[in-house]
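Down below is the structure, laid out as structure tokens.
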Amino acid sequence: MDTVSVANNIASQLLKIKAVTLNPKEPFVWASGIKAPIYTDNRLTIAYPDFRQTIAHDLAELIKEKYPEAEVIGGVATAGIPHATGVSNILNLPLNYVRPQKKDHGKKSQIEGRCQKGDKVVLIDDLISTGGSILKAVKAVEEEGGDVIGTVAIFSYDLPESTKNFADAHTKLFTLTDYPTMIQVAQQLNYVEENDMELLQQWYQDPESWGK
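Under the working numbering, the first residue of the sequence shown carries the number 791, and numbering increases by one thereafter.
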């Protein structure tokens, strides 16, 4: 697959449907307390059938290229579930999804669908910030005996913390697009002004202290 074309197209579509908003002059405050010039809500993608199918196709191609031995597709609840469903349909592979924690009733399951000992699983999420949610799901699958061979997502902020977290967890991650691509595409499409680019790049270099 042409990863550059895919990354640019996904970034432009996320901007077009306003799943990604860039506003360096009036930054957002994330739940972690970090000030950021970007806010992402990839849940909006499920409202656009054509784009939703493009995402599923591109994720499926990414998995075929990076994880050809995949036997099961998993979705991180809740945002990863629709995309994992689309990918599993394209690849004709079993599907599961992983809750943040076990249910407190019934069989008290955390994983629904196929998760058997030795299964080679690829987990899907919609967004990677620090990687906490999907890495928690990786741990849950592995505790059930599954073998998580890697993860994929639509978009990543590509922050140093997430890079470290995936490295520490010995888990591979590939995404369709990322923050550096996003701001370049936004500039090309005039979603941001020329003088905003410096602020957007500064945040990427040092998100912890940006805006303080």
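Just so it is clear, CB atoms sit at the ideal spot from N, CA and C, and this is done for glycine as well.
In this text the structure is predicted, and so the values were computed from the model without any measurement.
Residue(s) in a DSSP beta bridge with residue i
i       : result
ILE901  : VAL888
ILE863  : LEU885 and VAL912
ALA976  : None, per the DSSP bridge assignment.
LEU1091 : Shown here, the chain extends from 791 to 1002; a query on residue 1091 therefore has no answer.
ALA943  : ASP915 and THR965
PHE841  : According to DSSP, PHE841 bridges with nothing at all.
VAL819  : LYS825
VAL938  : VAL911
Through-space distance from residue j to residue i, alpha-carbon basis
i      : j      : result
VAL810 : TYR829 : 6 Å
GLU859 : VAL877 : 15 Å
VAL942 : LEU852 : 8 Å
ASP986 : LYS815 : 8 Å
LYS954 : ILE824 : 18 Å
ALA867 : VAL982 : 32 Å
LEU885 : SER923 : 18 Å
GLN991 : SER946 : 15 Å
ASP840 : ASP968 : 21 Å
Counted within 10 angstroms of its Cβ, other Cβ atoms place residue i as buried (16 or more) or exposed
i      : result
GLY935 : exposed
SER952 : buried
PRO950 : exposed
GLN803 : buried
GLY908 : exposed
ALA869 : buried
VAL819 : exposed
PRO997 : buried
GLN843 : exposed
GLN995 : exposed
SER899 : exposed
Helix, strand or coil at residue i according to DSSP, with G and I counted as helix
i      : result
ILE807 : coil
ARG963 : Checking the displayed sequence, the identity of residue 963 turns out to be Leu instead of Arg. Three-state result, LEU963: strand.
ALA826 : strand
LEU812 : strand
ASP996 : coil
MET791 : coil
ALA930 : helix
VAL982 : coil
Short Cβ contact (8 Å threshold) for residue i with residue j
i      : j      : result
VAL794 : ASP848 : no
ALA850 : GLY864 : no
VAL928 : CYS905 : no
THR971 : ALA801 : yes
LEU812 : VAL975 : no
LYS892 : ILE939 : no
ILE871 : LEU834 : no
ILE918 : LEU963 : yes
LEU925 : ALA957 : no
GLU861 : LEU883 : yes
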